[in-house]
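Using numbering that gives the first Met the number 0, read the sequence shown as starting at 0 and increasing by one per residue.
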Amino acid sequence: MNAKPAGQGAGSSVLVVDDEPQIVRALRINLAARGYRVITAHDGAAALRAVAETKPDVVVLDLGLPDMDGVQVINGLRGWTTVPIIVLSARGDSTDKVQALDAGADDYVTKPFGMDELLARLRATVRRSATSAADDADAVVETSSFTVDLVAKKVIRDGKEVHLTRTEWGVLELLVRNRGRLVAQKQLLHEVWGPSYDTESHYLRVYLAQLRRKLEREPSRPRHLLTEPGMGYRFEP
């Protein structure tokens with residue numbers, strides 16, 4: 000992986016997808032000033048083409064596009080790429096957030112937004128993506144019950160692929176990438192569901208139970224997906 004030049008943006012490329020010229024202009028100016036290379040698209044079809052042609056490091060995506068819903072764009076991208084996606088939308092309803100995150104978005108920022116907050120989210124997303132890429136060399140993790148391929152985003156059990164929802168995969172991937180280490184409840188909720196879900200610990204109980212039913216030999220006595228009561232969860236190969 001090539002090193003990026005110094006600076007906040009460190010030469011990373013950002014695709015901004017929005018049909019509001021004022022927002023596109025503001026983002027282009029602020030991102031370019033911080034060292035990002037900015038690409039723009041004004042509708043969903045152009046966004047899909049731009050990702051294929053330019054391979055940006057991160058996508059900043061509005062949901063309200065003139066030709067298709069932003070969630071359709073996320074679904075289209077997630078069919079073939081893991082490029083990080085930050086949703087930037089005036090839709091603040093939790094249902095819209097859940098739909099976007101379940102479709103494969105990495106983060107969700109509600110309009111109107113503070114530029115400092117968006118830039119911080121952007122830096123964190125690019126940093127996580129770079130860390131994931133660096134970890135790809137050690138990307139196949141085997142247990143006595145199942146095998147996780149972090150690059151292919153697949154889980155194999157008894158020679159067959161196990162179907163996981165995007166949210167189930169998000170929980171499993173974060174635990175596997177931190178194998179052997181405690182992952183706090185708040186970190187899991189923040190990274191998989193978003194910052195507004197930091198206290199929704201019941202989500203974790205439901206999704207860990209689902210993962211254990213699909214992956215563990217004895218779901219009631221898990222060997223790999225472990226609970227640390229009151230603290231978080233741990234993956235042990």
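We put the beta carbon where it would ideally sit given N, CA and C, even for glycine.
Nearest neighbour of residue i, chosen from the options [CA to CA]
i      : options                       : result
HIS189 : ASP56, ARG48, GLU199          : GLU199
GLU227 : GLY34, LYS213, LEU174         : LEU174
VAL16  : ALA44, ARG33, TYR35           : ALA44
ASP68  : VAL50, THR146, THR53, HIS41   : HIS41
TYR206 : LEU118, ASP197, VAL170, SER12 : VAL170
ARG220 : GLU19, VAL140, SER144         : SER144
LYS96  : TRP192, ARG33, LEU14          : TRP192
ARG90  : LEU60, GLN71, LYS110          : LYS110
SER195 : HIS223, ASP92, ALA151, MET114 : ASP92
ARG165 : VAL23, GLY78, ILE22           : GLY78
C-beta atoms of residue i and residue j nearer than 9 Å
i      : j      : result
ARG122 : VAL108 : no
LEU47  : LEU76  : yes
ARG176 : LYS213 : no
ARG178 : GLU116 : no
LEU149 : GLU172 : yes
ARG204 : GLU215 : no
ASN74  : GLY113 : no
GLN98  : VAL70  : yes
6 Å Cβ shell around residue i - same chain, five flanking residues per side excluded
i      : result
ASP105 : PRO83, ILE84, THR124
LYS153 : GLU160
VAL57  : VAL13, PRO83, THR124, VAL125
VAL147 : VAL140, VAL154, VAL175
ARG211 : PRO218, PRO221, LEU224
GLU19  : none
ALA138 : LEU149, VAL150
LEU87  : VAL59, ASP61, VAL108
ARG24  : none
THR142 : HIS223, PRO236
Contacts around residue i, its chain only, beta-carbon distance under 7 Å, and the 5 residues preceding and following it disregarded
i      : result
ALA208 : none
ASP197 : LYS185, LEU188, HIS189
8 Å Cβ shell around residue i - same chain, five flanking residues per side excluded
i      : result
ILE38  : SER12, VAL13, LEU14, VAL15, ALA49, THR53, PRO55
LEU181 : GLU227, MET230, GLY231, TYR232, ARG233
ALA274 : With the chain running from 0 to 236 in the structure shown, residue 274 is simply not present.
Residue i CB to nearest heavy atom of the ligand ZN below 8 Å
i     : result
ARG90 : The ligand content of the structure shown is nil, which means the ligand ZN is not present either.
Three-pair Cβ contact test at 8 Å for the stretch 21 to 33 versus the stretch 70 to 85: Result no; under three Cβ-Cβ pairs closer than 8 Å.
Start-end ranges of the beta strand (DSSP E) lying completely within the stretch 64 to 98, minimum 3 residues: As far as the stretch 64 to 98 is concerned, its whole beta strand (DSSP E) runs of at least 3 residues are 84 to 88.
Inter-stretch contact (C-beta, 8 Å, three-pair minimum) for the stretch 160 to 168 and the stretch 64 to 72: Result no; under three Cβ-Cβ pairs closer than 8 Å.
Uninterrupted beta strand (DSSP E) stretches inside the stretch 149 to 202 (no shorter than 3 residues): Segments of the beta strand (DSSP E) lying fully in the stretch 149 to 202: 153 to 156, 181 to 183.
Ordered list of beta strand (DSSP E) runs contained in the stretch 25 to 52, each at least 3 residues: Here the runs fully enclosed are 36 to 40.
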